[in-house]
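Right, one structure below, let's go through it.
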Amino acid sequence: MDPKEIFELIVKADEALKYATEEKGAARTKQARDLLVRARDEARAIGNDGLVEQAERRLADLEDLPGKASG
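So that you can map any letter, position 32 of the sequence shown is 12 in this note's numbering, and since no number is skipped, the others follow by simple counting.
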């Protein structure tokens, strides 16, 4: 996976949360977490520390969300 595709996973995760309704918040949080874990792992595989850092920062932010769904 190339850096652009990895960044797109991060954007998809952000959008999943941004457009989540109250009813689907937990499901969207899980979806975002899954996308971010994949993005982080793919970024590590290609040695892109910047993308690893972005994905990890967003994963940490998920932990601070109210009503978070644990992975």
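Every residue, glycine too, gets a C-beta built ideally from N, C-alpha and C.
Is residue i near residue j, with beta carbons less than 9 Å apart?
i	j	result
A23	I(-14)	yes
T9	L42	yes
L39	R18	no
Output the distance between the C-alpha atoms of residue i and residue j, rounded to the nearest integer angstrom.
i	j	result
N28	P(-17)	8 Å
L16	A(-7)	6 Å
A7	K(-2)	13 Å
E3	M(-19)	33 Å
D44	A35	15 Å
With 16 as the cutoff for other CB atoms within 10 Å, does residue i come out buried or exposed?
i	result
V(-9)	exposed
R20	buried
L31	buried
A25	exposed
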